[in-house]
Each structure stands twice: as structure tokens, then as C-alpha cells.
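Heads up: the sequence shown begins at 1 in full-length UniProt numbering, then just goes up one per residue.
Cβ atoms here follow ideal geometry from the backbone N, Cα and C, with glycine treated the same way.
For reference, the structure is listed below as C-alpha cells.
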Amino acid sequence: MKFIIPREFSTEISISRKFYILDLLILIGAFILTVSLDFLVVPKLQPFYYAFSAIVWFYLVLKSSTNKGKRNYEAIYMQ
């Protein structure tokens, strides 16, 4: 009797159904980058800068609708 042993597992550690550890790490890094670059933005526009940055980073972390199994940042990088 032969047993089939998979050579590689590709699982993602999840926090919730659609949110994974890697997503959290990317968002933390994005937050640090956003805060460290806020001195380049006029103080009156900083709330818009933070809101725009948050929307863009959350979009990039979502799963891609065009490339199954990839994130949006991976799909953009591939093109």
C-alpha cells in the first residue's frame, strides 16, 4: 500500500475568515511608512493623506479578482 505524501503545504495563518497574519504585518509596515512620511504633507491635508493611505493599503491587501489566489499588490507587481 502506497501513501501519498505531499511535498509542500501552502497554508496561511488566519486571524479571521478573510484576514491573515501576513496582511496584518503588511498593514503595520504601511502604517509605519505612512506616519514616517507625513512630514511631506501640508498639515491641513494630513487627515486626507491618512484616509487615502488607509484606503489604498486595505485595497492592496485584498484578494485579487483577476488573479485567483493572489493579493492585489501581487497582481499589480506581476503586470
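Span separating the alpha-carbon of arginine 17 from that of alanine 54: Looking at the backbone, the Cα of arginine 17 and that of alanine 54 are separated by about 21 Å.
Nearest neighbour of leucine 27, chosen from Phe39, Tyr50 and Val41 [CA to CA]: Tyr50
Can you tell me where the alpha helix (DSSP H) holding tyrosine 59 begins and where it ends? 46-61
At the level of alpha carbons, what is the spacing between lysine 2 and glutamate 12? When rounded, the distance between both Cα atoms is 28 Å.
Chain-order list of residues whose beta-carbon lies under 6 Å from that of threonine 34 (same chain, five-residue window excluded): Ser53
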